[in-house]
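Line order of the protein sequences matches chains P and A. If you count the first sequence from 1, position 19 lands on 122 in the numbering used here, and the numbers rise without skipping. If you count the second sequence from 1, position 103 lands on 296 in the numbering used here, and the numbers rise without skipping. C-beta: ideal position from N, C-alpha, C; glycine also. Only one structure is covered here, and it is reproduced in the block below.
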Amino acid sequence: MLFQALFSPIVDLYIFYRVSGWKLKRRDYIFSVIFIGICVFLGSLTQIDDFFIDIIQAILVFLFSYFVRKEKKAKLIIGLISFFELLDLFMTISVEILLLFFDIKFSSIIFIFLLIDFLVVCIIQKYYLRVREFLNDRNSSIFIGLILYVYFSSAIVYLLALQNKRITILFEISLSLLILQITFSIFAYSTAVNIQKKLLTEQEQKEQRLKLKLANADRKAKEAENRELVLKQQELKSEMRQLQEYSSYLDKNEDDLRRFKHDYQNILNSLKVSAQDGDTKKVIKMLDQYTNTQFDQKALRKYKGVNHIHEKNLKSIAIAKISKLYSLDLNYSFDCEQNIYQVPGKIDILDLVRIIGITFDNAAEESMALIRETNDPNTAQIDAMYYQENGDFEFQIRNRVRKDTVATDKMSQKNFTTKKHHMGIGLANVKEITHKYEDTIIVNYYVDNGWFNFDLTILSDEEREITD
Amino acid sequence: MKYPVFICDDDQDQIEQTKKILGAAEMILSDDEEVEFSIATAKNYMDAITYLKDHKLDGGIYFLDVELGGDTENDTGFDLASLIKKNDERAQIIFVTSHADLSLITFRRRLGPIDYIVKTSDLDKLRRMMVKTVEIAIYNLHKFNYMKKMTFSYKIGRQTRNVNIDDIIYISTTVTPHKLLMILTTGEMQLLGSINQYAQENPLLEKINQSCLVNPKNIKSIDLKQHRVSFINGDVEDFSRTSVKRMKDLLAEYNYKTEKLAKKEEENGSLT
């Protein structure tokens with residue numbers, strides 16, 4: 104039996120390492136030699152039975168794996184140990200059964216052992232991956248528990264029934280019980296796995312429900328988008344109103360001009376009379392009076408420059424914002440000297456319109472705040488212009504600011520606008536929009552001498568090619 | 194010191210009034226040094242051009258009526274100003290106008306800083322404004338050469354833009370090739386070009402690494418161990434190994450605080 108005492112631990116270790124898949128290192132070889140040595144030594148002591156050896160083996164392997172190898176998956180180690188112990192036990196049992204059924208000489212037992220060892224090695228070689236999976240998957244606890252269960256019941260059967268080496272009723276019953284146990288374990292395991300699968304499909308259903316919910320949310324987002332569209336339409340309508348206001352303003356100017364032409368003749372006549380009389384004071388007084396009553400200077404200059412804008416989006420935003428400043432009674436000037444027909448580059452004109460709108464709104468807001476602070480409407484001033492030179496389009500706006508509005512050290516910090524205060528959310532939005540056009544748009548903003556300046560340049564296509 | 198002054202107005206009364214106020218200004222402003230004006234006048238665009246052709250002024254102060262008589266579409270005070278600026282680089286131009294809502298923004302863009310005075314019947318107020326404007330003009334004339342040296346210039350298209358070097362904290366590259374970001378004490382600007390080019394043109398600025406040009410005046414503290422500097426606005430930049438010696442010189446010159454500096458995370462993500 105010494106032979107088997109040597110082979111059995113070797114096969115055990117083989118199964119253990121094969122299934123675990125751990126890389127073998129020097130300490131593993133040292134441990135193996137010690138382990139086999141201890142097993143052979145224990146095997147030679149006749150007063151110790153197999154079950155006790157198994158327990159010692161299990162403890163040794165566990166201690167080595169957990170403390171020396173520092174494998175922290177205790178469950179996996181227990182699974183591995185119980186697995187190879189179970190196989191070991193099965194091998195012993197099968198040899199015993201063979202010995203009972205066939206009258207085999209003692210000397211050939213070694214060959215049977217060898218044969219069975221060889222068989223087990225072959226099976227493990229083929230299925231070790233599958234076993235490793237069982238030990239690691241979500242059902243591993245059930246699997247390990249069943250192995251332990253089968254192992255202990257087999258061990259009991261083996262110790263009680265097979266020790267007396269004869270076919271007795273007790274042996275037959277035990278064997279059938281053992282087979283029943285094994286069948287039961289397999290059945291239990293597969294049932295557990297099936298239940299798991301069912302749970303899984305339930306989870307899938309849950310996921311589907313979740314997806315449905317997501318789709319709903321999507322739909323809601325779409326609805327919100329639609330609402331936004333409606334809002335935009337309203338905005339367009341208000342812009343339209345402003346355009347209508349502009350055109351009626353032009354019509355009225357036309358009338359004023361006609362009336363002036365009519366008045367002019369009369370005034371000239373009466374002036375002539377006064378002048379001939381040498382009454383210059385009266386002439387000046389009359390002229391003054393006429394000017395004051397007939398011309399509203401501010402109204403006359405209301406839309407100055409707008410007639411040079413031929414790009415309709417740029418024109419309508421200018422009109423809309425100018426009329427806003429006018430109705431807020433703010434001092435402003437707007438300039439567009441050159442005729443502007445189009446904007447260079449592949450810029451979505453609506454993005455540009457948004458930027459212009461935001462900066463005008465910012466300027467108006469700050470001006471109102473300034474007036475509230477100083478109580479003098481003349482402290483506020485907004486100047487804006489469109490400019491086109493060499494293909495570049497420029498937009499500039501500046502407005503007087505309160506003394507303490509801008510903590511300039513904060514403003515000049517990189518990305519300061521993302522903090523969404525100081526100059527308002529507006530500037531952060533502008534930055535976000537211009538981010539799309541890094542290589543076409545140049546944006547500057549700074550505070551200088553009580554003015555906040557914002558200017559934006561869209562580089563012409565040629566210029567961009569030069570810089571590329 | 195004697196300053197050439199040129200007044201162009203189609204209203205003789207206005208010219209006389211301006212002369213009178215300038216006379217008063219001579220007295221008021223002659224505090225530290227004697228201020229004297231040699232005044233020339235013109236009544237219309239053509240006269241003005243003829244006079245200025247014969248008398249080349251250097252560092253003159255110009256009072257120009259925006260609405261010069263005649264064809265208002267072309268020969269306005271603005272056109273005259275463009276011409277003057279071409280001939281007299283240091284020209285201090287002051288527009289006189291009757292409209293409070295006069296739009297100067299386009300001309301500022303073309304000609305640089307320009308001042309203006311709104312005509313008013315309140316003589317006291319007019320005098321106050323005029324004296325103040327003249328004082329600023331004289332100050333600008335004095336500072337002109339110094340300011341020119343202290344100016345960082347760059348071009349966008351045909352336009353040259355100027356920034357006071359003292360306002361610059363640093364200039365760094367951006368993700369877009371050829372585009373640079375200039376952080377100012379008062380805001381930020383984007384410009385085209387390369388760090389090396391601007392480093393060469395502006396000896397007052399210091400290149401601390403391949404992608405960063407800084408104004409040594411606006412460095413707050415330095416971390417020699419980790420090769421970092423922080424600026425007065427709180428931003429932190431690394432400097433390269435090769436500029437260590439130069440940074441030590443600057444440290445000795447400007448006496449920066451030395452401290453351990455940590456680089457802030459880029460906040461680009463927070464934009465979304």
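When you compare only the Cα positions, how much space is there between residue i and residue j?
{"i": "ALA108 (chain P)", "j": "ILE196 (chain P)", "result": "15 Å"}
{"i": "GLU328 (chain P)", "j": "MET471 (chain P)", "result": "32 Å"}
{"i": "VAL579 (chain P)", "j": "VAL122 (chain P)", "result": "The requested residue 579 (chain P) does not occur in the structure, where chain P is confined to residues 104 to 571."}
{"i": "TYR117 (chain P)", "j": "LEU262 (chain P)", "result": "25 Å"}
{"i": "SER111 (chain P)", "j": "LEU192 (chain P)", "result": "10 Å"}
{"i": "GLU357 (chain P)", "j": "THR243 (chain A)", "result": "39 Å"}
{"i": "VAL253 (chain P)", "j": "LYS316 (chain P)", "result": "47 Å"}
{"i": "ILE474 (chain P)", "j": "PRO480 (chain P)", "result": "5 Å"}
{"i": "MET488 (chain P)", "j": "GLU229 (chain A)", "result": "38 Å"}
{"i": "ASN355 (chain A)", "j": "ARG283 (chain A)", "result": "15 Å"}
{"i": "GLY253 (chain A)", "j": "ILE331 (chain A)", "result": "9 Å"}
{"i": "ILE213 (chain P)", "j": "PHE237 (chain P)", "result": "32 Å"}
{"i": "PHE432 (chain A)", "j": "GLN403 (chain A)", "result": "9 Å"}
{"i": "TYR391 (chain A)", "j": "THR353 (chain A)", "result": "14 Å"}
{"i": "THR435 (chain A)", "j": "ASP428 (chain A)", "result": "21 Å"}
{"i": "LYS405 (chain P)", "j": "SER430 (chain P)", "result": "10 Å"}
{"i": "ARG351 (chain A)", "j": "GLY305 (chain A)", "result": "14 Å"}
{"i": "THR521 (chain P)", "j": "ALA531 (chain P)", "result": "With a pLDDT of only 39 at THR521 (chain P), under the threshold of 50, the placement of this residue in the model should not be trusted; the figure read from the coordinates follows. Approximately 6 Å, taken between the alpha carbons."}
{"i": "ARG361 (chain P)", "j": "ASN280 (chain A)", "result": "44 Å"}
{"i": "ILE159 (chain A)", "j": "GLY494 (chain P)", "result": "No information on residue 159 (chain A) is available, as it lies outside the stretch 194 to 465 that chain A covers here."}
{"i": "GLN491 (chain P)", "j": "LEU562 (chain P)", "result": "10 Å"}
DSSP on residue i, reduced to helix/strand/coil?
{"i": "ALA467 (chain P)", "result": "helix"}
{"i": "GLU440 (chain P)", "result": "coil"}
{"i": "VAL164 (chain P)", "result": "helix"}
{"i": "GLY380 (chain A)", "result": "strand"}
{"i": "ARG312 (chain P)", "result": "helix"}
{"i": "MET440 (chain A)", "result": "helix"}
{"i": "PHE205 (chain P)", "result": "coil"}
{"i": "ALA284 (chain A)", "result": "coil"}
{"i": "GLU488 (chain A)", "result": "Residue numbering for chain A in the displayed model covers 194 to 465; residue 488 (chain A) lies beyond these limits and cannot be assessed."}
{"i": "LYS173 (chain P)", "result": "coil"}
{"i": "VAL289 (chain A)", "result": "strand"}
{"i": "ARG351 (chain A)", "result": "coil"}
{"i": "ILE412 (chain P)", "result": "strand"}
{"i": "SER387 (chain A)", "result": "coil"}
{"i": "TYR406 (chain P)", "result": "coil"}
{"i": "LYS178 (chain P)", "result": "helix"}
{"i": "ASN434 (chain P)", "result": "coil"}
Report the partner residues of residue i according to the DSSP bridge assignment.
{"i": "GLU430 (chain A)", "result": "A:VAL422"}
{"i": "CYS201 (chain A)", "result": "A:ALA235 and A:LEU257"}
{"i": "CYS405 (chain A)", "result": "A:SER365 and A:ASN402"}
{"i": "ASN547 (chain P)", "result": "P:ASP558"}
{"i": "MET375 (chain A)", "result": "A:ILE364 and A:MET382"}
{"i": "THR294 (chain P)", "result": "Its beta-bridge partners do not exist; DSSP assigns none."}
{"i": "TYR489 (chain P)", "result": "P:CYS439 and P:PHE498"}
{"i": "ARG503 (chain P)", "result": "P:TRP554"}
{"i": "THR451 (chain A)", "result": "A:ILE415"}
{"i": "ILE310 (chain A)", "result": "A:VAL289"}
When the Cβ atoms of the segment 229 to 236 of chain A are set against those of the segment 332 to 342 of chain A, are three or more pairs found closer than 8 Å? No, they do not touch.
Compile a chain-ordered list of the residues in the segment 343 to 356 of chain A whose CB is closer than 9 Å to at least one CB of chain P. Under the 9 Å Cβ criterion, the segment 343 to 356 of chain A contributes ILE349, GLY350, ARG351, GLN352, ARG354 and VAL356.
Say whether the segment 431 to 444 of chain P touches the segment 382 to 392 of chain P, bearing in mind that this needs 3 or more beta-carbon pairs closer than 8 Å, one atom from each stretch. The answer is no - the segment 382 to 392 of chain P does not touch the segment 431 to 444 of chain P, with fewer than three Cβ pairs under 8 Å.
What residues in the segment 363 to 386 of chain A have a beta carbon less than 9 Å from any beta carbon of chain P? Answer in chain order: SER365, THR367, VAL368, THR369, PRO370, HIS371, LYS372, LEU374, MET375, ILE376, LEU377, THR378, THR379, GLY380, GLU381, MET382, GLN383, LEU384, LEU385 and GLY386.
Does the segment 398 to 408 of chain A come into contact with the segment 352 to 366 of chain A, if we say contact requires no fewer than three beta-carbon pairs (one atom in each stretch) closer than 8 Å? Under the 8 Å Cβ criterion, the segment 398 to 408 of chain A counts as touching the segment 352 to 366 of chain A, having at least three qualifying pairs.
The segment 303 to 315 of chain A in contact with the segment 446 to 453 of chain P per 3-pair CB rule at 8 Å: These segments do not touch.
Tell me which residues of the segment 427 to 439 of chain P have at least one Cβ-Cβ distance to chain A shorter than 8 Å, keeping chain order. Closer than 8 Å at the C-beta level to chain A, one finds these residues of the segment 427 to 439 of chain P: ASN434, TYR435, SER436, PHE437 and ASP438.
Should the segment 207 to 221 of chain A be called in touch with the segment 535 to 544 of chain P, which here means at least 3 C-beta pairs below 8 Å? These segments do not touch.
Touching or not, the segment 448 to 456 of chain A and the segment 410 to 426 of chain A, by the rule of three or more beta carbon pairs under 8 Å? The segment 448 to 456 of chain A is in contact with the segment 410 to 426 of chain A.
The segment 197 to 206 of chain P touching the segment 120 to 138 of chain P, judged by at least three CB pairs closer than 8 Å: Short answer: they don't touch.
Do the segment 135 to 145 of chain P and the segment 241 to 253 of chain P make contact, defined as three or more Cβ pairs closer than 8 Å? Taking 8 Å as the limit for Cβ pairs, the verdict is that the segment 241 to 253 of chain P does not touch the segment 135 to 145 of chain P.
Three or more C-beta pairs under 8 Å: does that hold for the segment 344 to 351 of chain P against the segment 412 to 427 of chain P? At 8 Å Cβ cutoff, the stretches touch.
Under 7 Å, CB to CB, which of the residues in the segment 448 to 461 of chain P have a partner in chain A? Of all residues in the segment 448 to 461 of chain P, none comes within less than 7 Å of chain A when Cβ atoms are compared.
Between the segment 549 to 561 of chain P and chain A, which residues of the former have a C-beta closer than 8 Å to a C-beta of the latter? Hits within the stretch, in order: TYR549, VAL550, ASP551, ASN556 and THR560.
When you check each C-beta in the segment 465 to 476 of chain P against every C-beta of chain A, which residues fall closer than 7 Å? Within the segment 465 to 476 of chain P, no residue qualifies.
Do the segment 377 to 389 of chain P and the segment 410 to 418 of chain P meet, that is, are 3 or more Cβ pairs less than 8 Å apart? Counting C-beta pairs with one atom in each stretch, the segment 377 to 389 of chain P and the segment 410 to 418 of chain P have fewer than three that are closer than 8 Å, which means they do not touch.
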